[in-house]
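Protein chains in written order, with the working numbering: chain A, 5 to 120; chain B, 216 to 330.
What follows is the structure in structure tokens.
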């Protein structure tokens, strides 16, 4: 079964410092991996995805993620955190459903708190 | 933002009552999904639809049914609500594997409280 794990429930970082939110995956075959962000009382917003190619993927709002096949990881990163980045972050892996749709299996989420 | 509208956005109901949540999209996407979000569980798939009148179960489908009579509308029904169904429910849409590489676009959520 496809799955992802987010080992940290919460990450705290000071504004201006680099941030990393961790994700590891377990899939058969080549993984399609995603990061989403959720602000309070809002739906999930797509940040970035890894399909194939370069291991460093760039996404929205200055975020990037590094795919590491040997470590089965897909960590989310940002060189300089902003207070406005404080939110709940979800890693997800794609599974193709009967009928052709995409099921995303999500991790349990990591709460990012950026402090002044 | 993707054109997805969920209604109602908030609902409080009593155990044993039926509840229907509605998802309406203006993107003409083929695939629609219902997820529930609970602390410590992330988001879990309840049901999905791959076309009008074509639906299938997800991983937490017990106690839920769905219907899709039009491309734009996907209804989630709790026939007899229980306290364990207190959750935030999200509708999502996607074009499918041929149209894209897997992104889902989410609605704003419907918060359901079952007393």
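Where a beta carbon is used, it is the ideal one built from N, C-alpha and C, also for glycine. It should be emphasised that the depicted structure is a prediction, and the values quoted were computed from it without experimental measurement.
Counting only Cβ-Cβ distances shorter than 7 Å, please list the residues of the segment 96-111 of chain A near chain B, keeping chain order.
Within the segment 96-111 of chain A, the residues whose Cβ lies closer than 7 Å to some Cβ of chain B are 98, 100, 101, 102, 103, 104, 105, 106, 107, 108, 110 and 111, listed in chain order.
Hey, how far is the Cα of residue 75 of chain A from the Cα of residue 328 of chain B?
Within the first chain, the letter at position 71 stands for residue 75 of chain A. Within the second chain, the letter at position 113 stands for residue 328 of chain B. In a straight line, the C-alpha of residue 75 of chain A is about 41 Å away from that of residue 328 of chain B.
Looking only at its chain, what residues have a beta carbon closer than 7 Å to the beta carbon of residue 31 of chain A, apart from the 5 residues adjacent to it on each side?
In the first chain, the residue the question calls residue 31 of chain A occupies position 27. 6 and 97, listed in sequence order.
Reducing DSSP to helix, strand and coil, say where residue 89 of chain A ends up.
The residue you call residue 89 of chain A lines up with position 85 of the first chain. Residue 89 of chain A: helix per DSSP, three-state reduction.
Name the chain A residues whose beta carbon is nearer than 7 Å to that of residue 282 of chain B?
Position 67 of the second chain, counted from the start, is the residue given in the question as residue 282 of chain B. Under the 7 Å cutoff, chain A gives no residues; its nearest Cβ is about 16 Å from residue 282 of chain B.
How would you call residue 106 of chain A, buried or exposed, if buried means at least 16 neighbouring beta carbons within 10 angstroms?
Against the first chain, residue 106 of chain A aligns to sequence position 102. Buried: at least 16 other Cβ atoms inside 10 Å.
By the three-class DSSP mapping on this structure, what secondary structure does residue 66 of chain A have?
In the first chain, the residue the question calls residue 66 of chain A occupies position 62. If DSSP states are grouped into helix, strand and coil, residue 66 of chain A belongs with the helices.
By the three-class DSSP mapping on this structure, what secondary structure does residue 300 of chain B have?
In the second chain, residue 300 of chain B corresponds to position 85, counting from 1. Helix.
Quick check on residue 257 of chain B: does DSSP put it in helix, strand or coil?
As a first step, residue 257 of chain B is located in the second chain; it is residue number 42 there, counting from the start. Three-state DSSP puts residue 257 of chain B in a strand.
Using beta-carbon positions only, say whether residue 37 of chain A and residue 29 of chain A come within less than 8 Å of one another.
As a position in the first chain, residue 37 of chain A is number 33, starting the count at 1. As a position in the first chain, residue 29 of chain A is number 25, starting the count at 1. Yes, these two residues count as a Cβ contact at 8 Å.
Helix, strand or coil for residue 101 of chain A per DSSP?
As a first step, residue 101 of chain A is located in the first chain; it is residue number 97 there, counting from the start. Looking at residue 101 of chain A - three-state DSSP - the assignment turns out to be coil, as it is neither helix nor strand.
Taking contact to mean at least 3 C-beta pairs separated by less than 8 Å, is the segment 275-289 of chain B in contact with the segment 83-102 of chain A?
No, they do not touch.
Can you list, in chain order, the residues of its chain whose CB lies under 8 Å from that of residue 270 of chain B, leaving out five sequence neighbours each side?
Numbered from its first residue, the second chain carries residue 270 of chain B at position 55. Excluding sequence neighbours, residue 270 of chain B sits near 262, 263, 264, 281, 282 and 283.
Give the DSSP-derived three-state secondary structure of residue 27 of chain A in the structure shown.
The residue you call residue 27 of chain A lines up with position 23 of the first chain. Correct three-state label for residue 27 of chain A: coil.
Taking only beta-carbon positions, decide if residue 78 of chain A is within less than 8 Å of chain B.
The residue labelled residue 78 of chain A in the question sits at position 74 within the first chain. No, no contact with chain B.
So within the segment 216-300 of chain B, which uninterrupted beta strand (DSSP E) runs reach at least 3 residues, ignoring any that extend past its ends?
For the segment 216-300 of chain B, whole beta strand (DSSP E) runs of length 3 or above, ordered along the chain, are 219-222, 225-228, 234-240, 246-253, 257-266, 269-272, 279-285 and 288-293.
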